[in-house]
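*Asks:* Structure provided below as structure tokens; questions to follow.
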Amino acid sequence: MTQLKQTVSIILLFVLLCPTSTFAISIPDELKLGKEYLQLMKNKDVILYDPVAQKMIEIVGNAIVKPLPPQPFHFDFFIINDDSFNAFAMPAANIFVHRGLIASLDNMDELAGILAHEIGHAVGRHVSQSIDRSKIVATGSLAGMVAGILVGAAAGSSEAGQALSIGSMAAGQSAMLTYTRENETEADQKAVLFLEQTGYSPQGILDSLLKIRQADYQGTENIPGYRSAW
21 MTQLKQTVSI ILLFVLLCPT STFAISIPDE LKLGKEYLQL MKNKDVILYD PVAQKMIEIV
81 GNAIVKPLPP QPFHFDFFII NDDSFNAFAM PAANIFVHRG LIASLDNMDE LAGILAHEIG
141 HAVGRHVSQS IDRSKIVATG SLAGMVAGIL VGAAAGSSEA GQALSIGSMA AGQSAMLTYT
201 RENETEADQK AVLFLEQTGY SPQGILDSLL KIRQADYQGT ENIPGYRSAW
């Protein structure tokens, strides 16, 4: 455990001393950041591994992506094991949908609407743009996640640092996913085109958005701590 604490302390020191220009988002940088973020999500056991649900989002997501021109990233789709109504795109075209939102959907058009909107953000590289606008926040978020690992190691339990790590992750998402109005309009426009190309109804965008909006007004239990700009 001492070795682990020393290692994490070194990483944390590096992150804190590292200039924010390190987070300038080129495609190689975004690929690296996306890989690291995904590994953190897997390590924190927040991804739901349900073969049936996973196959469903992959079939729909890949159908939307297939007609697109060549992209700098491979699109991957994941389910977050959380009851809240949310979906978001993260670095390097990693698309996440919350279990609660999936469970609320009535048909494949609604799922396609959600995925198409987030794919629109990824294709427009809106994620990298908003990360670039929040380099300092991204640095602090990563430092917080590393600190969370250190807390867990010091307590001899991986659960001990989970609140700190997930809290930092959530704060980072909240900052990084502050899309501009132009980003949102572009994502919607792209989503409509994507759905028309694949045979899904664009009505699914409106129907799924309505579910998210209704959840907002039904109480805080369905409002995630970090949200996309939906």
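Numbering (this note's numbering), first residue to last: 21 to 250.
Idealized CB from N, CA, C, for every residue including glycine.
Quick caveat: nothing in here was measured; it's all calculated off a predicted structure.
Report all residues from its chain with a CB closer than 8 Å to the CB of T218; omit the five preceding and five following residues, and keep chain order.
*Replies:* These residues qualify, in order along the chain: A83, I84, K86, P87, A132.
*Asks:* Identify which residue in H94, I232, T205 has its Cα closest to the Cα of K55.
*Replies:* With distances taken between Cα atoms, K55 lies closest to H94.
*Asks:* To which residues of the same chain is G224 closer than 6 Å at the C-beta, ignoring the five residues directly before and after it?
*Replies:* D129, E130, A132, G133, listed in sequence order.
*Asks:* Determine the contact status of A16 and Q91, defining contact as a CB-CB distance below 8 Å.
*Replies:* The requested residue 16 does not occur in the structure, where the chain is confined to residues 21 to 250.
*Asks:* Would you report the Cα separation of K64 and D103, rounded to the nearest angstrom?
*Replies:* Computed Cα separation, rounded: 17 Å.
*Asks:* Tell me which same chain residues have a C-beta within less than 6 Å of the C-beta of R145, skipping the five on either side of it?
*Replies:* Excluding residues within five positions, none has a Cβ falling inside 6 Å.
*Asks:* Work out the CA separation of V72 and N203 for me, nearest whole Å.
*Replies:* Computed Cα separation, rounded: 32 Å.
*Asks:* To the nearest angstrom, how far is the alpha carbon of I232 from that of P89?
*Replies:* Each residue's alpha carbon lies about 30 Å from the other.
*Asks:* Looking only at DSSP bridge pairs, what is L229 linked to?
*Replies:* In DSSP, L229 forms no bridge with anything.
*Asks:* Give the secondary structure of I67 by DSSP, where H, G and I count as helix, E and B as strand, and everything else as coil.
*Replies:* Looking at I67 - three-state DSSP - the assignment turns out to be strand.
*Asks:* Cutting at 8 Å between CB atoms, please list the residues of its own chain near Q209, excluding the five before and the five after it.
*Replies:* The residues are G140.
*Asks:* Cutting at 6 Å between CB atoms, please list the residues of its own chain near H118, excluding the five before and the five after it.
*Replies:* Contacts found: I100, D102, S104, N106.
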